[in-house]
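Chains as they are written, first to last, in this note's numbering: chain X, 7 to 281; chain C, 325 to 723. All residues carry an ideal CB built from backbone N, CA and C; glycine is no exception. Report on the following structure.
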């Protein structure tokens with residue numbers, strides 16, 4: 007289902023999702039319940055939509071002031087895969103949402119501020135363009151939206167198809183982490199290779215490297231963007247107290263190398279290293 | 325948005341945290357007036373960045389003349405790229421001991437973390453490295469905030485039990501900056517215990533979430549626009565762009581932070597240096613593209629522009645329309661290399677082609693091309709003749 011299906015972005019991307027064959031069974035738009043949009047029944051609330059259609063995954067395309075509530079609404083209604091595309095949600099709202107989701111352990115949140123996920127030729131939730139994808143054995147997980155398309159496109163052009171592409175999003179407070187997604191790829195029989203696209207900031211990449219270092223059946227290549235980005239002008243000490251030296255491109259690349267993962271210096275090198 | 329010290333202190337004071345009396349001075353004469361009102365003062369540069377003490381931005385003044393001289397020296401000085409717009413003259417404290425208290429977002433934990441240490445002062449990062457156990461930590465529930473007993477535990481964990489009551493009250497009030505202001509980081513370092521036993525904020529740092537600006541319009545109105553930052557960044561902010569000035573000569577426009585950063589990396593790898601980071605984001609519209617290009621072209625160091633757009637939510641046709649319009653409007657003469665791909669890319673490329681801009685598909689070749697064009701000693705024909713379309717470049721997709 008799509009939350010915010012009648013909006014500009016919601017409409018545009020619902021059509022794209024349908025074009026790929028995604029089974030979009032419902033949409034929500036408060037006040038428009040009972041109508042039909044793009045051939046899909048529209049409901050006032052997620053609970054109504056789930057009750058009527060059995061929807062079990064949701065893509066969220068609502069503006070930032072309403073997106074946190076939309077995520078929690080989806081979890082409370084029993085949705086198990088919640089994909090929030092919305093960019094610009096206040097961080098404190100996301101911290102409260104993350105805490106709320108602890109009460110719904112079967113709900114997985116992807117994002118926010120992410121491009122979603124796509125299984126080429128099967129289905130997608132979100133905004134990853136189908137044309138850059140091709141079916142195959144490579145799992146791709148990324149923090150960046152557009153860089154994901156760049157790499158997906160290069161893989162496809164080289165004949166390396168993808169099992170699933172997952173964009174976890176670039177916000178400081180996120181749902182699924184690299185680790186979470188890599189664990190899922192490890193269990194996915196359709197996936198034999200893995201590309202991890204990270205960027206500077208936080209230490210999700212370091213945690214992912216740690217997991218891969220413990221042994222993985224996936225042939226993996228990592229790339230980190232932002233190696234030439236200038237250091238942010240820091241004000242206080244609090245950030246340094248809790249994160250130390252982690253978070254730089256160097257720290258992340260080093261972590262992957264130590265885990266035995268090949269590190270690409272440019273996106274163009276990824277294909278060669280993966281073969 | 326990072327608040328200046330005097331702004332942060334005004335906010336903390338409104339939350340019920342004790343601060344020393346102080347006076348904002350934009351001129352040496354105002355600093356003298358501050359001295360006459362307060363007696364011995366610390367004259368402190370107001371900049372949104374750490375390390376001002378080491379940069380000579382804090383001076384103690386025991387006489388009116390010293391206050392004048394300190395203000396003369398500090399106002400207008402450059403601290404890590406920020407021109408000091410004003411000083412804060414604050415009554416000097418008689419320090420008995422210095423405590424560290426603050427909170428920030430712990431990205432790994434996806435939570436706010438409160439930090440308290442008896443070893444406050446400028447060496448707190450060293451303390452964190454050498455004896456992390458001397459910094460007590462608490463993750464408050466984000467819906468209800470810290471409970472009294474949790475604060476008591478935090479204070480005793482930090483070895484500050486004898487100050488439990490004043491500290492708990494200060495931390496509870498400090499935490500209110502999260503629900504009430506969407507603060508991301510707040511820090512009082514040092515939190516001073518004076519010889520008289522008062523507990524009072526010696527310094528204050530506060531950063532609020534720009535994504536939540538719609539909830540706190542008053543904050544930007546009250547505190548924004550004091551610091552004279554980089555002129556291009558100021559202009560970009562007015563136009564609603566995500567823009568950071570860098571010191572190279574290639575203007576960069578990209579969509580998405582990751583793609584934009586990797587474009588900078590590619591330009592450097594190709595031997596050039598980026599003049600800026602400019603992310604036009606998802607759903608970039610024609611006017612956003614024009615604004616981005618306009619800001620970049622204001623910078624006389626820029627010798628060429630590389631635009632790298634790979635669209636998901638961003639539509640290629642809108643980007644192309646905006647680019648053509650912007651180039652024509654701005655009478656752009658510099659080399660322009662465009663790499664455009666993604667949603668509605670065919671339409672977008674068609675628009676570019678119709679207007680004499682050949683779109684490319686490969687970012688690395690595009691980066692090499694712009695570096696080559698921008699570093700040429702003599703201007704390219706297109707650059708020399710404004711009536712010609714922008715520099716064309718044809719790129720092969722790697723396969």
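- Neighbours of residue 179/X in chain C, taken as residues whose beta carbon is under 9 Å from its own, are 429, 431, 434, 435 in chain order.
- DSSP places residue 584/C within a helical segment (H, G or I) once states are collapsed to three.
- Between the stretch 515-525 of chain C and the stretch 114-124 of chain X there are fewer than three inter-stretch CB-CB distances shorter than 8 Å, so the stretches are not counted as touching.
- Contacts between residue 104/X and chain C, judged by CB atoms closer than 7 Å, involve 434 in chain order.
- The Cβ-Cβ distance between residue 394/C and residue 359/C does not fall below 7 Å.
- The beta carbon of residue 153/X sits closer than 7 Å to some beta carbon of chain C.
- Between residue 329/C and residue 366/C, the C-beta gap is not smaller than 7 Å, which leaves the two residues out of contact.
- Residue-level contact check: residue 494/C does not touch chain X, since none of the beta carbons of chain X fall below 7 Å from its beta carbon.
- Taking the Cα positions, residue 562/C is about 14 Å away from residue 617/C.
- Here residue 339/C has 497, 500 as same chain residues with Cβ atoms under 6 Å from its own Cβ, once five neighbours each way along the sequence are excluded.
- CA-to-CA, the gap between residue 627/C and residue 597/C works out to about 11 Å.
- Your pair residue 629/C and residue 681/C does not check out as a contact, with CB atoms roughly 12 Å apart and the cut at 8 Å.
- Boundaries of the beta strand (DSSP E) around residue 513/C: 507-518.
- Rounded to the nearest whole angstrom, the C-alpha separation of residue 503/C and residue 155/X is 37 Å.
- Within the stretch 645-664 of chain C, no residue places its CB atom closer than 8 Å to a CB of chain X.
- Excluding five sequence positions before and after residue 362/C, the CB atoms of its chain that fall closer than 8 Å to its own CB belong to 345, 346, 347, 413, 414, 415, given in chain order.
- Against chain C, the beta carbon of residue 236/X has neighbours under 8 Å at 568, 570, listed in chain order.
- Taking 7 Å as the Cβ-Cβ cut-off, the stretch 89-116 of chain X approaches chain C at 93, 94, 95, 96, 97, 98, 101, 102, 104, 105, given in chain order.
- Restricted to the stretch 433-474 of chain C, the beta strand (DSSP E) segments that are unbroken, complete and at least 3 residues in length are 435-441, 459-462, listed in chain order.
- Contact annotation: in the stretch 52-75 of chain X, residues whose CB is within less than 9 Å of a CB in chain C are 70, 71.
- For residue 404/C, the three-state secondary structure derived from DSSP is coil.
- Distance check between residue 391/C and each of 356/C, 668/C, 419/C, 699/C places 356/C closest, using alpha-carbon atoms only.
- For a Cβ distance threshold of 7 Å, residue set 205, 231, 232, 235 of chain X lies close to residue 585/C, ordered along the chain.
- The straight-line gap separating the alpha-carbon atoms of residue 205/X and residue 273/X is approximately 12 Å.
- Contact note: residue 359/C does not reach chain X at a C-beta cutoff of 7 Å; the least C-beta distance is about 27 Å.
- With a threshold of 7 Å between beta carbons, residue 274/X makes contact with chain C.
- One finds 135 in chain X with Cβ atoms closer than 7 Å to the Cβ of residue 667/C, taken in chain order.
- A Cβ-Cβ separation of about 7 Å places residue 464/C in contact with residue 474/C under the 8 Å criterion.
- Not a single CB atom of chain C sits nearer than 7 Å to the CB of residue 188/X.
- DSSP, reduced to helix, strand and coil, places residue 350/C outside both helices and strands of the structure shown, so it counts as coil.
- A Cβ of chain X is located within less than 7 Å of the beta carbon of residue 580/C.
- Under the three-state reduction of DSSP output, residue 133/X falls in the coil class, being neither helix nor strand.
- Between residue 560/C and residue 77/X, the alpha-carbon positions lie close to 32 Å from each other.
- Contact between the stretch 444-454 of chain C and the stretch 265-280 of chain X is not established, with fewer than three Cβ pairs separated by less than 8 Å.
- For the stretch 195-256 of chain X, the full-length beta strand (DSSP E) segments reaching 3 residues or more read 199-205, 225-231 along the chain.
- Here residue 544/C has 325, 537 as same chain residues with Cβ atoms under 8 Å from its own Cβ, once five neighbours each way along the sequence are excluded.
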